[in-house]
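For reference, the structure discussed in these notes is given below.
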Amino acid sequence: MGMNIESVQGASRAGKRERAFDLSLPASVTGLDAVGRRFEERTEICSISAQEASFRLQTRLLIGSKILLHLDVPRTLILEKPLRLMLSGTVVFVKSEDSRGKKQYVSARLDRGYKLQSNS
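By my numbering, the letter at position 18 of the sequence shown is numbered 25, and the numbering carries on one by one without gaps.
The structure is reproduced here in structure tokens:
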């Protein structure tokens with residue numbers, strides 16, 4: 008019975024991580040792509056914790072790339088106005104999700120600082 012290395016790496020990382028929330032929030036990712044060109048792409052967050060965010064991109068990124076992540080937080084019963092949360096981070100995991108490599112699943116380790124502004 009062979010063991011999948013990715014599942015082992017995921018299992019070891021999961022123990023060190025804070026609780027992640029699986030949610031779908033509109034987001035924009037900016038940074039430099041795999042060939043060093045500036046990009047901006049709209050996406051949705053798949054999962055987020057205090058330390059890490061995961062999302063899907065068509066833009067190819069390299070592990071170690073710096074990114075800026077802008078999350079659009081909608082108005083709720085508690086939140087009177089929609090907000091934009093701006094985070095920065097470093098790509099720590101990239102995996103192609105189809106045979107042509109058009110879509111990638113990306114995880115980024117988030118920096119401690121963030122900015123919050125009105126998005127109305």
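Note that beta-carbon positions come from the ideal geometry of N, C-alpha and C, so glycine has one too. Since we're looking at a predicted model, the values are computed, not measured.
Item to complete: Kindly indicate which three-state DSSP category residue 91 falls into: helix, strand or coil?
Response: strand
Item to complete: Quick one: measure Cβ to Cβ for residue 65 and residue 116, integer angstroms, because I've assumed they're closer than 8 Å.
Response: So it is not a contact: roughly 22 Å between Cβ atoms.
Item to complete: Determine which residues share a DSSP beta bridge with residue 109 and list them.
Response: DSSP output for residue 109 lists no bridge partner at all.
Worksheet item: Where does residue 38 fall in DSSP's three states?
Response: strand
Practice prompt. Go ahead and pull the three-state DSSP assignment for residue 48.
Written response: strand
Worksheet item: Grouping DSSP H, G and I as helix and E and B as strand, with all else coil, what is residue 68?
Response: coil
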